[in-house]
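Respectively, the protein sequence lines represent chains A and B.
Residue numbers for the first sequence follow full-length UniProt numbering, so the first one is 1 and each next one is one higher.
Residue numbers for the second sequence follow full-length UniProt numbering, so the first one is 1 and each next one is one higher.
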Amino acid sequence: MSLVYDEYGRPFIIIKEQEKKSRIKGIEAVKASILAAKTVARTCRSSLGPKGMDKMLQSPDGDVTITNDGATILEMMEVENQIGKLLVELSKSQDHEIGDGTTGVVVLAGALLEHAEALLDMGIHPLRVAEGYEMACKVATDNLEKIKSTFEFSKDDIEPLIKTCMTTLSSKIVGRLKRHMAEICVKAVVAVADLDRRDVNLDLIKVEGKVGGTMEDTRLVEGIVIDKDFSHPQMPKELKDVKLAILTCPFEPPKPKTKHKVEIDTVEKFEELRKQEQKYFTDMVQLCKDSGAGLIICQWGFDDEANHLLMHEGLPAVRWVGGVEIELLAMATGGRIVPRFSELTPEKLGFAKSVTEISFGTTKDKMLVIEGCPNLKAVTIFVRGGNKMVLDEIKRSLHDAICVARNLVRDNSIIYGGGASEISCSLAVEAAAHEVVGDVQYAMRAFADALEAVPLALAENSGLPPIESLTAVRKRQMEENNPYLGIDCNDIGTNDMREQNVFETFLSKRQQLFLATQVCKMILKIDDVIKPSEYE
Amino acid sequence: MSQQSGILQQGASEERGENARLASFVGAVAIADLVKSTLGPKGMDKILQSMGRGQSITVTNDGATILKSIYIDNPAAKVLVDISKVQDDEVGDGTTSVVVLAGELLREAEQLVNQKIHPMTIIAGFREACECARGVLESSAFSNQDDDVAFRKDLINIAKTTLSSKILTGDKEHFANLAVDAILRLKGSGNLEAIHIIKKPGGTLKESYLDEGYILDKKIGVGQPKRVENARILVANTAMDTDKIKIYGARVRVDSMAKVADIEAAEKDKMREKCNKILSHDISCFINRQLIYNFPEEIFADAGVMAIEHADFDGIENLALVLGGEIVSTFDDPAGVKLGSCKLIEEIMIGEDRLIHFSGVALGEACTIVLRGASSHILDEADRSLHDALCVLQATVKDSRVIYGGGYPEMKMAKAVEELAGRTPGKKSLAMEAFARALRALPATICDNAGLDSSEIVSNLRAAHGADPNSRMGIDVVKGEAGDVAELGIYEAFRVKLQILSSATEASEMILRVDDIITCKPRQRQ
């Protein structure tokens, strides 16, 4: 740390305990940041595309996750470096906003930084680079607007949606069954979508999984699946046309929050208390019965006595149902969540056509399937898979596909994948660069080069000669002015992505460009990194 | 091996590309080799010693049990452990085979990777091969569902095949009959809970038997009848010590000794009243999940009612199921309660222990298997083996398709996959050939474990299948040669085989796709 002297020549301290801290400044700091970001990006790079590889991650507790979802990989890597964390945040925000393209955005940011490094070596100021990137990003997104196409779909014609979801799923482990899975996802999204408002509430789609069976057994339940069983083993396993009471109060004597004491000093009082207690239980059950409910869903537990009383009155019940499920149930069955027994009235009950308890395999795993709800706007995707890791990965893949379908409902513009849009943008940015004078031109050219990182990685992961295939496509795009040409990852024999049916949503691509550029700008602006040295 | 990239936490490690692949292959193959020697009728057992206090010992050759008990650090190995666990949960048997097959697939894949074939190409080949093998499996399965006699014979053959690799192999005829009888009593309901297994050390395995009633390992209260005919049984789950006051915040506060005595008397009255209510159900036997204190026990004894306390949770559910009664917790409505019934309750002796025997129960589905054996280790292993057999039988009752065993399906699948490879252009065909070789490794392992010349027998089998597409040749482990498996009566359940095939392919695909292993810093434990 540099020493500073005051006007009398005495050294003074700028940063507290500065000798204990490490500090890098100026161009060094930018380079260190870029190095870290590149390392993170490199990890994701091989997971890009339909032939991308998976990563195996072992958590601190020894659990194993196998995935090729960029956001999951980065999150579970436990990156410690600050700049690395920025990239983790980047992919997370892409995940939250769009749900797909989490790997692509990191690869793009890494490439942008890599090219920035070369510019810094040439002596261009980081801020000029950032400016150039900003301008280039604008050109690129404008170009995206130009090459986007819209497609029509409706509730009856969901084929285009399925095709888009298939593109997303092809890079995942479910690739083998992408058609089946894509149909499930799209049907789920269409079922809950509000097509007039162009909105989809993803909370209404629940993805539930159970280990065992094969992936083919994955299905869409038009209703709700809860990982619970009936509270009493002898309650009927199947109910038809049943009215549900959804309760958030326990089947227990009241427990006032205020501190109180019930004092018993005579035998009479003891007797009275006992009678009161018994009456309380019967009253509770009677209230439920009177309301006309045929099934009690309770957020809390109830003890043996209440359990038997319910059983005795022929009221099946489910206990310890989680808060999220309670809400979903209420939404789906059209019932109201009732916090007190006294407020239970017939009109607050929900309705379901059938409630069945299903069991699996040789263990005593049971689940409740609630189907035929009046409000069809809640669906569950029930996933089966060979082992826990496959199951988790399928769930993540389905989540991505659902997000894609949702984005299409929101905005039905698409652009073609397989690196086609990146190459097209790269050409556009390069053309625009020629019209700018100054260092910014260099920065824009670097941006154009960086955009090619995505098709390069795609070709590389697919086992194609990367530079050769990229330049070939680039040449054809230039000559034919056709922005739909991309890398032929699946070895089908055509570069035209319209024939291959490889789409991505416009929203996702645009978001990728924005986010990656923003993060680059942020990293380039850092010129001083101060951190405490390793703790003693 | 592991490089510090500088961005991960200290103590974390990352392995990339070739290194990562090597690590996962090594881990997975090591696990497969570990259980390999337990495969087949002549497979060997393993001793597992637990780390905890007492260092208890388990002797087993059940793949899932072995893998569950060992501590593994390699992430790829954990994938294999997981598939074996799922196989156990899903179909109950084939837990070793699935791991061995996945291990063999990876071993073959490793060689292909060394030949610079991209893992994705291998996966594509494996997928197609698996699809083809599945087709063969389906076409060579057959079902005798409509013919009861033949179906029973199938079941017995399946049970015998499963049991032949276990400790019960000496008495497999006996146990196969026992298991099939038990399953057939369920009448297709497939509820294994109704089959109760009781283990009592002493005697020999041969003395194990199937009891048509239900046996409860509990004692009858003191001074109560030891034998009740045409019993009316109340199955309850209620506190029979003192009823706690459930109203929150209630407490007793008295100012004199006399009042304490009064309240105590009131409590006693309350209990007596409860007992009387129970008795008013006109019952001859009362079974409670919780403890019954001396005082109520005495009341029951006075009334001449048999009272059984502390039947644990599973016990009580099974009992309720078997006796056909409700589990009761309140006793105000004697008319509305459905009581359980049985012809005879009596105390019986097995070895030195007294147990309660319910016979002539309403639900004819239930039965109890009493296992006898020289030591608790043998009994535990016998229990596991029998459980496997029961699971397989249950799977067969649900899906009645069966298939010949003894390496026959593997040889047949291998042949079909090889033919497919011959027709497929491109590098994928290499992966298919590898798949076929991995399938053949299973019969080879069975031969090796039996001390036979595996190369000789497997190539003989291959020739036999090649010459005649309808050949039914498999391994005859007893004679040490190729034999007709249909005549030998080696049958396996179709569902088990199918699950083995698809899980093993899925798992190997999963491991093959990995090109980067990131291990986080292990959590510090105090």
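Even for Gly, the Cβ is constructed at its ideal location relative to N, Cα and C.
- What residue 263 of chain B touches in chain A, judged by beta-carbon distance under 7 Å, is 267, 270, going in chain order.
- Sequence-distant partners of residue 501 of chain A (beyond 5 residues in either direction) whose C-beta falls short of 6 Å from its own C-beta, in its chain, are 163.
- Collapsing the DSSP output to three states places residue 153 of chain B in a helix.
- Taking 8 Å as the CB threshold, residue 60 of chain A lines the interface with chain B.
- Residue 497 of chain A sits in a helix when the DSSP states are folded into three classes.
- Per the coordinates, the alpha-carbon of residue 137 of chain A lies some 37 Å from the alpha-carbon of residue 20 of chain B.
- DSSP places residue 492 of chain B in the uninterrupted beta strand (DSSP E) bounded by 491-493.
- Note on geometry: alpha-carbon atoms of residue 307 of chain B and residue 288 of chain B lie some 8 Å from one another.
- With the rule of 3 Cβ pairs closer than 8 Å, the segment 102-118 of chain A counts as touching the segment 24-43 of chain A.
- Between residue 490 of chain B and chain A, the shortest Cβ-Cβ separation is not below 8 Å.
- For residue 176 of chain A, there is no enclosing alpha helix (DSSP H), as DSSP marks it with neither H nor E.
- Taking all protein chains in view, the Cβ of residue 316 of chain A is crowded by 16 or more other Cβ atoms within 10 Å, so the residue is classified as buried.
- Excluding five sequence positions before and after residue 104 of chain A, the CB atoms of its chain that fall closer than 8 Å to its own CB belong to 48, 70, 454, 512, given in chain order.
- Listed along chain B is no residue with a C-beta nearer than 7 Å to that of residue 31 of chain A; the closest approach is about 13 Å.
- From the beta-carbon of residue 82 of chain B, the residues of chain A found nearer than 7 Å are 387, 388, 389.
- The beta carbon of residue 520 of chain B falls within 8 Å of a beta carbon belonging to chain A, placing the residue at that interface.
- Cβ contact annotation for residue 292 of chain B (same chain, cutoff 6 Å, sequence separation greater than five): 240, 307, 309, in chain order.
- For residue 286 of chain B, the enclosing beta strand (DSSP E) covers residues 285-288.
- Positions of the beta strand (DSSP E) runs, each at least 3 residues long and wholly inside the segment 334-391 of chain A, are given as 350-360, 365-371, 379-385 in order along the chain.
- At least 8 Å separates the beta-carbon of residue 166 of chain B from that of residue 74 of chain B.
- CA-CA distance, residue 414 of chain A to residue 191 of chain A, rounds to 21 Å.
- With 16 or more other CB atoms across the displayed protein chains lying within 10 angstroms of its CB, residue 104 of chain B is buried.
- Taken through DSSP and simplified to helix, strand or coil, residue 434 of chain A comes out as coil.
- The beta carbon of residue 396 of chain B lies closer than 7 Å to those of 155, 158, 402, 493 in the same chain, with the five residues before and after it left out.
- Here the segment 256-276 of chain A does not lie against the segment 400-418 of chain A, with fewer than 3 beta-carbon pairs under 8 Å apart.
- Taking 8 Å as the CB threshold, residue 275 of chain A stays off the interface with chain B.
- The beta-carbon separation of residue 56 of chain A and residue 514 of chain B, rounded to 4 Å, stays under the 8 Å limit for a contact.
- Taking C-alpha positions only, residue 195 of chain B is separated from residue 323 of chain B by approximately 13 Å.
- The DSSP-derived three-state label of residue 432 of chain B is helix.
- Between residue 130 of chain B and residue 503 of chain B, the CB-CB gap reaches or exceeds 8 Å.
- Residue 473 of chain B is bridged by DSSP to B:484.
- Contacts with chain B at 8 Å (Cβ-Cβ) do not include residue 490 of chain A.
- Here residue 12 of chain A is exposed: its Cβ has fewer than 16 other Cβ atoms, across all protein chains shown, within 10 Å.
- Of the residues assessed, residue 275 of chain A falls on the exposed side of the cut-off, its CB having fewer than 16 other CB atoms within 10 angstroms.
- Of all residues in the segment 299-310 of chain A, only 303, 304, 305, 306, 307, 308, 309 come within less than 9 Å of chain B when Cβ atoms are compared, listed by chain position.
- No Cβ of chain A is located within less than 8 Å of the beta carbon of residue 281 of chain B.
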